[in-house]
Amino acid sequence: MAEEQVKKPETQEVATAKKDIDLFGGWFGHLENPDPVLRTQAGGKGIRLYDEVDRDSHASSVLQTRALAVAGCEYEVRPGADDQRGQDIADFILDALGGFNFTQAVQEWMQAVLYGFRTGEVMWSNKSGGWLPKKIIGKHPRRFSFTFERDLRLLTPENMMDGEPVPDRKFVTFTYGDSDSPYGKGLGQKLWWSVWFKKHGIKFWLTFLEKFGAPTPVGKYPANADDKARQKLLDAIDSIQNETGVIIPEGMTIDFLEATRGGNAGYKELCEYFDRQISKAVLGQTASTEGTPGKLGNEDSQEQIRQDILKADADLLAECLNETLIPWMVDFNYFGVTDYPQMWFRTEPEQDLKALAERDEIILKKIGYKAKSTYIEDTYNIPAPEDGEDYVGGVDAPKAPQAGPESKEDDEPEFAEETETDEFQRELDRMADQRVREAAPLFEAWTNQVMGFVRGAGSLQAAKDGLDSLKDSLGVDSMAARLADALMEADSLGADSIGGADFSEALWGPGTPFKEAMDYFRDKAFRIAGVASADLLDMVKAEILKAMESGSTLEQFMAVMPALFESRGYTALKPWRVNTIWRTNMQVSYQGGRYRQLTSPAIRAARPYWRYMAVLDASSRPEHAAMHGKIFRWDHPVWQTWYPPNGFNCRCTVVSVSKREIERNGWTVETEDPTNTLIEPVDPATGHTMPARYLIPDPGWGNLPFKEAA
1 MAEEQVKKPE TQEVATAKKD IDLFGGWFGH LENPDPVLRT QAGGKGIRLY DEVDRDSHAS
61 SVLQTRALAV AGCEYEVRPG ADDQRGQDIA DFILDALGGF NFTQAVQEWM QAVLYGFRTG
121 EVMWSNKSGG WLPKKIIGKH PRRFSFTFER DLRLLTPENM MDGEPVPDRK FVTFTYGDSD
181 SPYGKGLGQK LWWSVWFKKH GIKFWLTFLE KFGAPTPVGK YPANADDKAR QKLLDAIDSI
241 QNETGVIIPE GMTIDFLEAT RGGNAGYKEL CEYFDRQISK AVLGQTASTE GTPGKLGNED
301 SQEQIRQDIL KADADLLAEC LNETLIPWMV DFNYFGVTDY PQMWFRTEPE QDLKALAERD
361 EIILKKIGYK AKSTYIEDTY NIPAPEDGED YVGGVDAPKA PQAGPESKED DEPEFAEETE
421 TDEFQRELDR MADQRVREAA PLFEAWTNQV MGFVRGAGSL QAAKDGLDSL KDSLGVDSMA
481 ARLADALMEA DSLGADSIGG ADFSEALWGP GTPFKEAMDY FRDKAFRIAG VASADLLDMV
541 KAEILKAMES GSTLEQFMAV MPALFESRGY TALKPWRVNT IWRTNMQVSY QGGRYRQLTS
601 PAIRAARPYW RYMAVLDASS RPEHAAMHGK IFRWDHPVWQ TWYPPNGFNC RCTVVSVSKR
661 EIERNGWTVE TEDPTNTLIE PVDPATGHTM PARYLIPDPG WGNLPFKEAA
């Protein structure tokens, strides 16, 4: 049967510039700038018209503020490939960006905000055998035009209309405001009229001041005064402009005519109005230039809008550089790179460490939240002292109480079982790490078998149709055997973690022989291994279907399959999915072993209450953290829903509590089931209150996941 044809999308641009009914190219070989202001007001100036906007003191100030905000940002380079070579290339680019006038180039590229686009010429230089920018020279946009295919052209004295082609990988052009037109859509279109009206408003204001700023002298002479006398009076009036005193013939007087027009001329208000419009157009607000210092509310909220504009500007420029300068630098110095590094600007404001420290004090000391030992060093950039090195600060651990003949039962550790539980959980984590390392090659063998089948299928359609046949041929016996051993090991550790031997020995299950326990774990391991293999095949089938829909060939799909398995966590180097499967099922078995011991008659009688314990680290789910510390009787229905684990990779647990411990610590035994009640949990990572939600375990969890083993 012929291979099924998958529909393909139209990949070519349809609404091209040549088909734009508003743009007339005629016999010209270049694309005209569609800017409506330039078309009606520029005359022969062209885009130089916006130089007049930049000469306005206020417009220039806010435009400079916007440009310098991006130029002043720190930047980072992220690897394109998640391997050592990818990291080396990223480090190379980061070092290279610091070797030329990159900050100045960023400032000049940001002038595209005014003009619509801005071009920088890269001056390449050979340094230590590699080609790197020595300098980037900003070029005024008046010197360039574009073809209908959006190719950059350099206007020269020899070709002032269409321009000349420019060399490849020589000019970096940042376009702002419009992806359809290579000329962009700069703010000059909005600012021009505000600047124009403001400029003419100032001219009329100066005329007004000249006319009404000083009074007009009026000379009065007798009716019989001759021409000579009248001339003397006029000369005296002229002298008033420069002299402190004048003399005039007797009988003549000089009065001053004051302006009698009422009201406010309004020229100042007019100019201030247009300044505010310019600020809003460029910064998105007026607070930073005209706001009231320290005023809450309007100005503070507007400043946040400016932060949004800063991030957008920085991301737009970074996207431009990630498509031009960054891959150029890589290609000139490395062979065969397909995943290029990405550079990004850091635009988030510096964190207030004082407020953060106050928050951490509440979370760590008062709430009792546990953090990684490296948290302080990573968050506050305070290096921890090396062994034997002098240090400042810190609090010495309190000395343990000394046992003696007068020691009382109340002096015993109140949370002995919690401490022991932590130790057993760490042992389980160590066991899981070892088991994952052993299982990862088995999963990788599955992926190699799948890739071999797809490669030999001949076509993507045949591969998709035949994948189901692999379900029986993928060997799950070895996987299931290893998993069964791991589940039994975890179950035994869980039983040991309770210390039931101090009360009485609890069987694996009520009346269940040990051989049946082994059979149970083997059956369960086979089911888990079978589901894992089926999930793998379903994932590959879905990816093949996507490849067919995109028009990819079998060869192209085979080229990306290794990266596909790596991204899904099936490889020995990055076995995160393997880790989830094994660790979660071992955690279930571990808690099953604890459950059997906790429900044994001796322990139920001595410690009849259970206390829910979340790990309370950055990976804790907010709902699980909200259950932390809640105490119910062992037979309360809440444990049918909330006995852990309550989700994938959940490390929560339950500890038994005696009545004496409850009284000694002032704890409360709850009777109402909190499940499905609305709560506002605290984010364990940030300490912030989160939106309200229902208190339930993770989807698909609850109802004692190990119940059949108990």
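Heads up: the sequence shown begins at 1 in UniProt numbering, then just goes up one per residue.
C-beta atoms are modelled at their ideal positions from N, C-alpha and C, and glycine is treated no differently.
Close-in-space but distant-in-sequence residues of the same chain around residue i (CB under 8 angstroms, 5 per side omitted)
i, result
"Ala416", "In this prediction, Ala416 has a pLDDT of 42, which is less than 50 and means its spatial position is unreliable; what the coordinates show is noted afterwards. Result list for Ala416: empty, nothing under 8 angstroms."
"Leu442", "Ser478, Met479, Arg482"
"Arg78", "Ala90, Pro341, Gln342, Met343, Trp344"
"Met613", "Glu418, Thr421, His628, Gly629, Cys652, Thr653, Val654, Val655"
"Leu97", "Tyr75, Val77, Met343"
"Met558", "Met451, Val454, Arg455"
Assigned secondary structure, residue i (DSSP; H/G/I helix, E/B strand, else coil)
i, result
"Gly511", "Residue placement at Gly511 is poorly supported in this model, since its pLDDT is 41, which falls under 50; the coordinates still yield a value, given next. Looking at Gly511 - three-state DSSP - the assignment turns out to be coil, as it is neither helix nor strand."
"Gln342", "strand"
"Asp617", "coil"
"Leu187", "coil"
"Arg611", "strand"
"Pro217", "strand"
"Phe632", "strand"
"Tyr590", "helix"
"Arg568", "coil"
"Thr599", "coil"
"Ser552", "coil"
"Asp255", "strand"
"Lys295", "Residue confidence for Lys295 is low, a pLDDT of 42 falling below 50, so the modelled location carries little weight and cannot support an answer."
"Val657", "strand"
"Leu695", "coil"
"Val669", "strand"
Rounded distance between the beta-carbons of residue j and residue i, thought under 8 angstroms
i, j, result
"Met343", "Tyr115", "Incorrect: roughly 24 angstroms between the Cβ atoms, too far for contact."
"Tyr609", "Arg583", "At roughly 29 angstroms, the Cβ-Cβ gap does not stay under 8 angstroms, so Tyr609 and Arg583 are not in contact."
"Lys190", "Gly177", "About 10 angstroms; that fails the 8 angstroms criterion."
"Arg150", "Trp328", "With 8 angstroms as the limit, Arg150 and Trp328 do not qualify as a contact, their Cβ atoms being about 18 angstroms apart."
"Ser181", "Gln277", "That belief does not hold up - the Cβ atoms of Ser181 and Gln277 are roughly 25 angstroms apart, past 8 angstroms."
"Asn585", "Leu487", "6 angstroms"
"Leu474", "Ser533", "5 angstroms"
"Asp339", "Gly80", "4 angstroms"
"Gly138", "Arg118", "7 angstroms"
"Ser492", "Gly593", "6 angstroms"
"Leu283", "Val70", "Not quite, the Cβ-Cβ distance comes to about 13 angstroms (not below 8 angstroms), so this is no contact."
Buried versus exposed call for residue i [16 or more other C-beta atoms within 10 Å across all chains shown]
i, result
"Gly188", "buried"
"Gln556", "exposed"
"Tyr50", "buried"
"Glu661", "buried"
"Glu348", "exposed"
"Leu704", "buried"
"Trp639", "buried"
"His688", "exposed"
"Leu325", "buried"
"Asn676", "exposed"
"Phe144", "buried"
"Val106", "buried"
"Gln461", "buried"
"Asp83", "exposed"
"Ala606", "exposed"
"Gln597", "buried"
"Val531", "exposed"
"Val14", "exposed"
"Tyr570", "buried"
"Glu108", "buried"
"Leu310", "buried"
"Gly700", "exposed"
"Asn224", "exposed"
"Asp56", "buried"
Residues of its chain near residue i, where Cβ-Cβ distance is below 7 angstroms and the 5 sequence neighbours each way are ignored
i, result
"Glu489", "Met431"
"Pro644", "Gln591, Cys650, Cys652, Thr653, Val654"
"Tyr221", "Ala229, Arg230, Leu233, Met252"
"Ala112", "Arg118, Phe174, Thr175, Tyr176, Gly184, Gly186"
Close Cβ partners of residue i (< 6 angstroms) along its chain, the five nearest in sequence each way excluded
i, result
"Asp54", "Ser60"
"Asn579", "Val436"
"Arg611", "Ile631, Val655, Val657"
"Trp205", "Tyr267"
"residue 711", "Any answer about residue 711 is impossible in this case: the structure gives the chain only from 1 up to 710."
Inset, instruction - With a floor of 3 residues, list each beta strand (DSSP E) that falls wholly inside the stretch 117–184, ordered by position along the chain. - result: The stretch 117–184 contains these whole beta strand (DSSP E) runs: 117–127, 130–139, 144–146, 152–156, 159–165, 171–175.
Legend entry - beta strand (DSSP E) runs contained entirely in the stretch 42–114, provided each spans 3 or more residues: Annotation note: the stretch 42–114 contains the following uninterrupted beta strand (DSSP E) runs of length 3 or greater, listed N- to C-terminal: 74–78.
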